[in-house]
Amino acid sequence: MLQYILKRLLLMIPTLLGVLLVSFVVIQFVPGGPVEQVMYQLKGHGSGESAGNTSGAGGYQAARGLTEEQLSKIKAKYGFDQPAPQRFWQMLKNYATFNLGDSWFRHASVTQLIWDKLPVSMSLGISSLLLTYAIAVPLGVAKAVRHGSHFDAASTLLLMVAYAIPSFVLGVVLLVLFGGGSFWQLFPLRGLTSDDWVSLSLMGKVMDYLWHLALPVTAMVAGGFAALTMLTKNSFLEQIHQQYVTTARAKGASERRIFWRHILRNAALPLVVGLPEAIIAAFFTGSLLIETLFSLDGLGLLAYESVIRRDYPVVLGTLYFFTLLALLGKLLSDVGYVLLDPRVQFGVVGEGGQ
């Protein structure tokens, strides 16, 4: 087991390098970078967003009208006075010490930006995860026990409909119906807290927080639990028809004992194993459309704005951080599978089954 974990940790290094290298190379060919944006601002052309189509193969077309000294200072400010390989190597050395750099336009470190936006994405992600499992697992078990019944067919139809509706479309519908659009104003339209949140009691703060989360979390969960429900159903169905269940019934064991002592332990493996990845993803999940729709300033909106403004330290820094967490989550899932199911052993091939 230890050998397998060390091997996986070592394999993370080339994976991270590959992700960063591809992203860095792509960035070099994206027009409208920060240098051109600043030059457009200096020349009085606005925010510089229109600079995206002005860079030619021969250099910075936006530099016309600026002196070489001005252009050199702008390039040096953003590090573009150095060759690309040197900039990439410097970035790798910083990332090795978890120094993600500073944003070019937000006047804050990338780490601080992630930390500031994290509560919003955590609130959405963790709430969605808990609600998804709370609905999908019992529903999947009920569908497996009643396989082929009218309940199974009706619930499958509802799941298909929920899965087919995009989350942002459902969010718009929820706002129109319950956010004061054309019908009832039962839920707040934006933010995670009310204006008087500081003056509320502890229970009042909790209820206000949950009240603001109700619509965005519902929009995110509606289509998300369909796949988990079917996974739960199929997993339990597979175990229900196993030989050990028939043997336990022949020995006179009650259905309750068979379910809780035998079926549940084996059928829950696929669900439990995926939890580490799901939890890590929930902590750092940013849904751009949901955050925009409900005016929530989270990681999804940060990533989108960073790409639009060509804020490369934020783009690459967050990409590195989230990729590393995803790889660790996958490793934890594999290790959890071994701990939960003794039949699975890593690294036994060629060792005589030891």
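Everything in the sequence shown is counted per the numbering used here, starting at 434 for the first residue and increasing by one. Where a beta carbon is used, it is the ideal one built from N, C-alpha and C, also for glycine. Just so we're clear, the structure is a prediction, and the values are computed from it rather than from any experiment.
* Express the C-alpha separation of T756 and E502 in angstroms, rounding to a whole number. => C-alpha separation (whole angstroms): 39 Å.
* Starting from the Cα of K763, find the closest Cα among G707, T665 and L608 and give me that residue. => G707
Let me know if M593 comes out buried or exposed under the rule of 16 or more other beta-carbons within 10 Å of its beta-carbon. exposed
- Once you ignore the five residues that flank G769 on each side, which residues in its own chain have a CB closer than 8 Å to its CB? V705, V706, L708 and P709
Original post:
Any contact of the segment 600-618 with the segment 639-656, i.e. 3+ C-beta pairs under 8 Å?
Top reply: yes
Tell me S542's beta-bridge partners as DSSP assigns them. D535
Inset, instruction - Check whether the Cβ of F538 lies closer than 8 Å to any Cβ atom in chain D. - result: Looking for chain D here will not work: only one protein chain is present.
Exercise for review: Could you give the DSSP three-state label for F675: helix, strand or coil?
Suggested key: The amino acid occupying residue 675 in the given sequence is Gln; Phe does not appear at that position. Coil at Q675, not helix or strand.
message = On a Cα-Cα basis, can you pick out the residue from A683, L721, L722 and L664 that is closest to Y566?
response = L664
Going by beta carbon distance, what residues of the same chain come within less than 6 Å of V471, once the five residues before and after it are set aside?
-> I507
Practice problem: Just list the alpha helix (DSSP H) runs in the segment 695-748, keeping only unbroken ones of 4 residues or longer that don't cross its boundaries, in chain order. | Solution: 697-700, 702-706, 708-716, 721-726 and 732-741
Using C-beta distances below 7 Å, list every residue in its chain close to K666, excluding the 5 sequence neighbours before and after it, in chain order. G573, K576 and A577
Checking the sheet assignment: what are the DSSP bridge partners for Q523? Q523 is not bridged to any residue.
Mind reading off the beta-carbon distance from I713 to A759? Whole number of angstroms is fine, and I expect it under 8 Å. 7 Å
Q.
Looking only at its chain, what residues have a beta carbon closer than 7 Å to the beta carbon of S766, apart from the 5 residues adjacent to it on each side?
A. V706, G707, P709 and E710
Note to self: Short of 7 Å in beta carbon distance, which residues of its chain neighbour A681, apart from the five on each side in sequence? Order them along the chain.
What the structure shows: I691 and H695
Problem - Between the CA atoms of P552 and S505 - distance to the nearest angstrom - result: 40 Å
Per DSSP, the bridge partner or partners of Q436: BP columns for Q436 are empty, so no partner.
**Study point:** Distance between beta carbons of S582 and G731, contact taken as under 8 Å
**Key:** With 8 Å as the limit, G731 and S582 do not qualify as a contact, their Cβ atoms being about 41 Å apart.
Checklist line | Status (buried if at least 16 other CB within 10 Å, exposed otherwise) for Q545 | finding: Per the 10 Å Cβ criterion, exposed.
Is I559 closer than 8 Å to A652 when the C-beta atoms are compared? no
- What is the rounded straight-line gap between the Cα of M434 and the Cα of K638? 46 Å
Entirely enclosed beta strand (DSSP E) segments - the segment 556-605, minimum 3 residues: none
Going by DSSP in three states, A495 sits in which element: helix, strand or coil?
Unreliable positioning characterises A495 in this predicted model, as indicated by a pLDDT of 48, which lies under 50. A coordinate reading is not provided.
- Give me whichever residues DSSP pairs with G612 in a beta bridge. Q618
- Starting from the Cα of D549, find the closest Cα among V740, Y745, L735 and F754 and give me that residue. L735
What are the boundary residues of the alpha helix (DSSP H) that R651 is part of?
-> According to the sequence shown, residue 651 is Thr rather than Arg. Segment L635 to V654, the alpha helix (DSSP H) holding T651.
- Item | K526 versus P516 - alpha carbon distance | 16 Å
Worksheet item: Rounded to a whole number of angstroms, what is the C-alpha to C-alpha distance between G451 and R579?
Response: 47 Å
- Might you give, ordered along the chain, the residues of its own chain that have their beta carbon closer than 8 Å to the beta carbon of S456, omitting 5 neighbours on each side? Around S456, the same chain offers V748, L749 and L752 as residues with beta carbons nearer than 8 Å, after the five sequence neighbours per side are excluded.
| query | Run through DSSP, which three-state label would Q787 get? | reply | At Q787, the pLDDT of 40 sits below 50, so the modelled position is not reliable; the number obtained from the coordinates is stated separately. Q787: coil per DSSP, three-state reduction.
Top-ranked residue by Cα proximity to V543, from S739, L772 and W617: S739
- Query: If you draw a straight line from the alpha carbon of A541 to that of K510, how long is it in whole angstroms?
  - Reply: 15 Å
Next on the checklist: With distance defined between alpha-carbon atoms, name the residue in F727, R689, V459 and E671 nearest to A700.
Outcome noted: E671
Practice item. Note down the Cα distance separating V468 from W644, rounded to an integer number of angstroms. Key: Approximately 44 Å, taken between the alpha carbons.
Can you give the Cα-Cα distance for L557 and F754, rounded to whole angstroms? 19 Å
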